[in-house]
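As given, the protein sequences belong to chains Y, P, X, D and A, one line each in that order.
Numbering follows UniProt numbering, with no gaps: position 115 of the first sequence is 115.
Numbering follows UniProt numbering, with no gaps: position 16 of the second sequence is 16.
Numbering follows UniProt numbering, with no gaps: position 117 of the third sequence is 117.
Numbering follows UniProt numbering, with no gaps: position 42 of the fourth sequence is 42.
Numbering follows UniProt numbering, with no gaps: position 92 of the fifth sequence is 92.
Notes follow once the structure below has been shown.
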Amino acid sequence: MAEESFYGVTLTAEENTETWDFVDEDYSRGQKLVIKQVLLGAEAKDNEFNVVEVTTGKDSIQIPIAVLKAGETRAVNPDVEFYETKVTFKLIKGSGPVYIHGQTIKDDVEVVDMEEED
Amino acid sequence: MAEESFYGVTLTAEENTETWDFVDEDYSRGQKLVIKQVLLGAEAKDNEFNVVEVTTGKDSIQIPIAVLKAGETRAVNPDVEFYETKVTFKLIKGSGPVYIHGQTIKDDVEVVDMEEED
Amino acid sequence: MAEESFYGVTLTAEENTETWDFVDEDYSRGQKLVIKQVLLGAEAKDNEFNVVEVTTGKDSIQIPIAVLKAGETRAVNPDVEFYETKVTFKLIKGSGPVYIHGQTIKDDVEVVDMEEED
Amino acid sequence: MAEESFYGVTLTAEENTETWDFVDEDYSRGQKLVIKQVLLGAEAKDNEFNVVEVTTGKDSIQIPIAVLKAGETRAVNPDVEFYETKVTFKLIKGSGPVYIHGQTIKDDVEVVDMEEED
Amino acid sequence: MAEESFYGVTLTAEENTETWDFVDEDYSRGQKLVIKQVLLGAEAKDNEFNVVEVTTGKDSIQIPIAVLKAGETRAVNPDVEFYETKVTFKLIKGSGPVYIHGQTIKDDVEVVDMEEED
Ligand SMILES: [Mg+2]
Ligand SMILES: [Mg+2]
Numbered sequence: 001m002a003e004e005s006f007y008g009v010t011l012t013a014e015e016n017t018e019t020w021d022f023v024d025e026d027y028s029r030g031q032k033l034v035i036k037q038v039l040l041g042a043e044a045k046d047n048e049f050n051v052v053e054v055t056t057g058k059d060s061i062q063i064p065i066a067v068l069k070a071g072e073t074r075a076v077n078p079d080v081e082f083y084e085t086k087v088t089f090k091l092i093k094g095s096g097p098v099y100i101h102g103q104t105i106k107d108d109v110e111v112v113d114m115e116e117e118d
Numbered sequence: 001m002a003e004e005s006f007y008g009v010t011l012t013a014e015e016n017t018e019t020w021d022f023v024d025e026d027y028s029r030g031q032k033l034v035i036k037q038v039l040l041g042a043e044a045k046d047n048e049f050n051v052v053e054v055t056t057g058k059d060s061i062q063i064p065i066a067v068l069k070a071g072e073t074r075a076v077n078p079d080v081e082f083y084e085t086k087v088t089f090k091l092i093k094g095s096g097p098v099y100i101h102g103q104t105i106k107d108d109v110e111v112v113d114m115e116e117e118d
Numbered sequence: 001m002a003e004e005s006f007y008g009v010t011l012t013a014e015e016n017t018e019t020w021d022f023v024d025e026d027y028s029r030g031q032k033l034v035i036k037q038v039l040l041g042a043e044a045k046d047n048e049f050n051v052v053e054v055t056t057g058k059d060s061i062q063i064p065i066a067v068l069k070a071g072e073t074r075a076v077n078p079d080v081e082f083y084e085t086k087v088t089f090k091l092i093k094g095s096g097p098v099y100i101h102g103q104t105i106k107d108d109v110e111v112v113d114m115e116e117e118d
Numbered sequence: 001m002a003e004e005s006f007y008g009v010t011l012t013a014e015e016n017t018e019t020w021d022f023v024d025e026d027y028s029r030g031q032k033l034v035i036k037q038v039l040l041g042a043e044a045k046d047n048e049f050n051v052v053e054v055t056t057g058k059d060s061i062q063i064p065i066a067v068l069k070a071g072e073t074r075a076v077n078p079d080v081e082f083y084e085t086k087v088t089f090k091l092i093k094g095s096g097p098v099y100i101h102g103q104t105i106k107d108d109v110e111v112v113d114m115e116e117e118d
Numbered sequence: 001m002a003e004e005s006f007y008g009v010t011l012t013a014e015e016n017t018e019t020w021d022f023v024d025e026d027y028s029r030g031q032k033l034v035i036k037q038v039l040l041g042a043e044a045k046d047n048e049f050n051v052v053e054v055t056t057g058k059d060s061i062q063i064p065i066a067v068l069k070a071g072e073t074r075a076v077n078p079d080v081e082f083y084e085t086k087v088t089f090k091l092i093k094g095s096g097p098v099y100i101h102g103q104t105i106k107d108d109v110e111v112v113d114m115e116e117e118d
């Protein structure tokens, strides 16, 4: 069974960047971050777009993953995974608050060890 | 196969807090709570925000997981998991009712026991 | 591999209740009902709330799982599971029609039988 | 690992019916169709309901799985599975176009063959 | 455990086409692309439909998988998979930007090798 933890971070105009990196260097295989929901706070301004951009270490992909706007789109459910890579989330438009929810997972390394001595 | 149960709790202005903790202390590994949906009741007031905040025992994360408002957002689907940690849900804004739905899961501890005597 | 079947029921003002119970008593382990979607029919009245409440046999939980309203919320996706328990769905508000969709699943009982005679 | 293929069909007023049946008769176990999304086309008429009904071979269930309307509900995500059964999709209301998306899956038949000769 | 990478591409009027093909020819089995979300950018024009069409190499299926419009539908979550096939995404209507999110996955080829020498 994989070992996992809840991941929850808040982005605002003042603190608009958050980076996730490999949590455990001794456990080099199978670590990932899964983003399930990006949610706009009740305090968000009317008619203001709030855009969260992601930048990955592996492959250097840079792309918005959430476009939120009060009265139109309160939440999106990207359900994307970042596997064995550093990831940075940045609120590139809007003043938030925006909440990012997901899991960090350390996948099982299946060890099958069968020793038979006759 | 994992053993699981439906999880459903109601938050209102009067009863605005609910805590989930490890159900079975004798079964220490792999217990988790999965939150699939947070739903605003038909009785909710117009134009009132209803916000559910989560606080975790492990890592002490405190963050809203649902922002609901009649006429705009009736339900969100966070699909987040709380693994081997106490979790408290609190209705920090609005009078509800708000319904939280999910599963509690006790994961299988796979026991592979291979004894061979020749 | 699990054995599964599509589950689809319709609730209306006249037939407002539906109960699911263990399908196969001879197969006592691992039977569950998964509810993926609750959908409001095209014939539903404007501005009328349609609320589906669930009652479980195990733990006796009673809670709405869908709040639908034409022009606001046409469908919700609870994605909840009822495992080894009787479940009753009731349209407690509104005249429908409301459609409930999901799966019934009989999980595999893994039988590992290794006999070796030398 | 299961063998799977993308499933995508278009329903219109003129071609309003589509049937899926077991693809491979020689592979009798574990074939299923999963419906992930039903989407209303940009050409759909304003204020017209578009309803997709499903009829199953096994258990003869007949029920709408999508109710779509421009300006209100552009897409639904039923996430339902049809396992070892013929399925017919019919656009019973509206002129479309409506797009149905999912997967066909042939599940693995796990063959564990352990022969030991001493 | 499968090896996976985040997939994120941007379509605009100027660069309206993107093709995904087997990443690794030496690893011929089990490669797929999963599309989780298609999201309309904050810069999209009001009342303009943005439609993303997919064309597959295997079975030559051609069908829209996303119909987006500012003020109505900001994002869809198709959750479809393209398995062992080339796939082309094209923005056939609208000027975007439209963001496509998902994963590329190389499934595990399970190798069970049990050698016993007595
Ligand atoms: Mg799911
Ligand atoms: Mg899913």
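C-beta: ideal position from N, C-alpha, C; glycine also.
Query                                                                                                                                            : Result
Cβ of D99 of chain X within 8 angstroms of any chain D Cβ                                                                                        : A small fix is needed here, since residue 99 of chain X is Tyr in this sequence, not Asp. Judged by the 8 angstroms Cβ criterion, Y99 of chain X is in contact with chain D.
Beta-bridge partners of P64 of chain D, as assigned by DSSP                                                                                      : D:E53
Contacts around A2 of chain Y, its chain only, beta-carbon distance under 7 angstroms, and the 5 residues preceding and following it disregarded : I105, K106, D107 and D108
Nearest-angstrom Cα separation, counted from N77 of chain A out to K45 of chain A                                                                : 21 angstroms
Given 8 angstroms, three or more beta-carbon pairs between the stretch 39-54 of chain A and the stretch 64-71 of chain A                         : yes
Reference A13 of chain P, options P:I92, P:Q103, P:G102 and P:I100, closest by Cα                                                                : P:I92
Three-way DSSP call (helix, strand, coil) for K58 of chain D in this model                                                                       : helix
Close-in-space but distant-in-sequence residues of the same chain around N16 of chain D (CB under 7 angstroms, 5 per side omitted)               : K90 and L91
Alpha-carbon spacing of G94 of chain P relative to K58 of chain A, whole angstroms                                                               : 52 angstroms
C-alpha gap between F6 of chain Y and Q31 of chain Y, whole angstroms                                                                            : 14 angstroms
Cβ-based burial, Q103 of chain Y [other Cβ within 10 Å; buried from 16]                                                                          : buried
Own chain residues within Cβ distance below 8 angstroms of T19 of chain D, not counting five before or after                                     : K86, V87, T88 and F89
Local conformation of S5 of chain D per DSSP, three classes                                                                                      : strand
Cβ of T10 of chain Y within 8 angstroms of any chain P Cβ                                                                                        : yes
Expected contact under 8 angstroms - CB spacing of G8 of chain A and Y99 of chain A to nearest Å                                                 : 7 angstroms
Start and end residues, beta strand (DSSP E) containing K32 of chain Y                                                                           : Q31 to L40
G96 of chain P versus I35 of chain D: straight-line alpha-carbon distance, rounded                                                               : 34 angstroms
Per-residue contacts from T56 of chain A into chain D (C-beta, under 9 angstroms)                                                                : S5, F6 and G8
Cβ-Cβ distance between V80 of chain A and H101 of chain D below 8 angstroms                                                                      : yes
Chain-ordered chain Y contacts of residue 119 of chain A [CB-CB under 8 angstroms]                                                               : Residue 119 of chain A cannot be examined here, being either before or after the span of chain A that is shown, 1 to 118.
Per-residue burial, K41 of chain X [other beta carbons within 10 Å of its own, 16 or more giving buried]                                         : The question names Lys, but residue 41 of chain X in the sequence shown is Gly. Buried, since its Cβ has 16 or more Cβ neighbours within 10 Å.
Below-8 angstroms beta-carbon distance, Q37 of chain A vs any chain Y residue                                                                    : yes
Reduced DSSP secondary structure (H/G/I, E/B, other) of G102 of chain P                                                                          : strand
7 angstroms Cβ cut-off: residues of chain X touching D72 of chain D                                                                              : Reading off the sequence, residue 72 of chain D comes out as Glu, not Asp. Those within 7 angstroms of E72 of chain D in chain X are G71 and R74.
Cross-chain neighbours of A42 of chain D in chain A, by beta carbon under 7 angstroms                                                            : F49, V51, V67 and K93
Own chain residues within Cβ distance below 8 angstroms of A75 of chain P, not counting five before or after                                     : Q37, V38, L39, L40 and L68
Where A44 of chain X sits in the DSSP three-state scheme                                                                                         : coil
Helix, strand or coil at E15 of chain P [DSSP, three-state]                                                                                      : coil
Spatial distance of E43 of chain A from L11 of chain Y (CA atoms)                                                                                : 21 angstroms
Beta-carbon proximity of G71 of chain Y to E4 of chain P, cut-off 8 angstroms                                                                    : no
Other residues of its chain near D21 of chain D: CB distance less than 7 angstroms, five sequence neighbours each side excluded                  : K86
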